[in-house]
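Trainee: Residue 392 is where the sequence shown starts when you use my numbering, and the numbers rise one by one after that.
Heads up, the beta-carbon is just placed ideally off N, CA and C, and yes, glycines get one too.
Right, I'll just put the structure down here and ask away after.
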Amino acid sequence: MTTGTGPRRRFVLSSVPSDAHMWNLVVLQLFIEEMGHEVINLGVCVPVDLLVDRCRAEQPDCVVISTVNGHGYIDGVGVIDALRADPACADLLVVIGGALGVVGDRNTGLAGDLLDHGYDAVFPVAAGQTGEAMGRFREFVAERMRLPV
Numbered sequence: 392m393t394t395g396t397g398p399r400r401r402f403v404l405s406s407v408p409s410d411a412h413m414w415n416l417v418v419l420q421l422f423i424e425e426m427g428h429e430v431i432n433l434g435v436c437v438p439v440d441l442l443v444d445r446c447r448a449e450q451p452d453c454v455v456i457s458t459v460n461g462h463g464y465i466d467g468v469g470v471i472d473a474l475r476a477d478p479a480c481a482d483l484l485v486v487i488g489g490a491l492g493v494v495g496d497r498n499t500g501l502a503g504d505l506l507d508h509g510y511d512a513v514f515p516v517a518a519g520q521t522g523e524a525m526g527r528f529r530e531f532v533a534e535r536m537r538l539p540v
């Protein structure tokens, strides 16, 4: 079922290199597709160089990094640094969401640090708040890509 009414956009979806969880990627792929967009799902444990190569080749409208293992911050810094360092990828819209750290509520500063490193948006997910983060992501996509929510 496609619910989006705006132009179809291309998203590259990936985990961080250390994250072997697939379910979050499947959920996000379905969520983005239901908004009416194309998703290139690179899967789990994606090496940074492979992500950069695919982004260079695909030139997506948005790169979505998802993680549930709590290493979103540690791995996410390397991901965004590599994308921003590549001239063909430096201006891509890149977001990250999920479990950014492993210390629960004490992870509060990680989102700001990731924004400082170059992410366009960060969607931290605390226990029981997945729906909230997904709603914020949907609004971000609509606003940044001038699409209806």
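Taking Cβ positions, are Val454 and Leu483 nearer each other than 8 Å?
Mentor: Yes, the Cβ-Cβ distance between Val454 and Leu483 is below 8 Å.
Trainee: Reducing DSSP to helix, strand and coil, say where Leu404 ends up.
Mentor: DSSP places Leu404 in strand when its eight states are reduced to three.
Trainee: Helix, strand or coil for Cys453? Go by DSSP, reduced to three states.
Mentor: Here Cys453 sits in strand by DSSP.
Trainee: Go ahead and pull the three-state DSSP assignment for Val494.
Mentor: Reduced to three states, the DSSP call for Val494 is coil.
Trainee: For the candidate residues Glu534, His508, Asp444, Ala502, whose alpha-carbon lies nearest to that of Ser405?
Mentor: Nearest of Glu534, His508, Asp444, Ala502 to Ser405, Cα basis: Asp444.
Trainee: So what's Val386 in DSSP terms, helix, strand or just coil?
Mentor: No information on residue 386 is available, as it lies outside the stretch 392 to 540 that the chain covers here.
Trainee: Any idea what DSSP makes of Met392, helix, strand or coil?
Mentor: Note that Met392 scores a pLDDT of 42, beneath 50, so its modelled location is shaky; the value from the coordinates is reported in the next line. Looking at Met392 - three-state DSSP - the assignment turns out to be coil, as it is neither helix nor strand.
Trainee: Grouping DSSP H, G and I as helix and E and B as strand, with all else coil, what is Ala479?
Mentor: Ala479 falls in the coil class under three-state DSSP.
Trainee: Name the DSSP bridge partner or partners of Pro438?
Mentor: Partner(s): none; Pro438 has no beta bridge.
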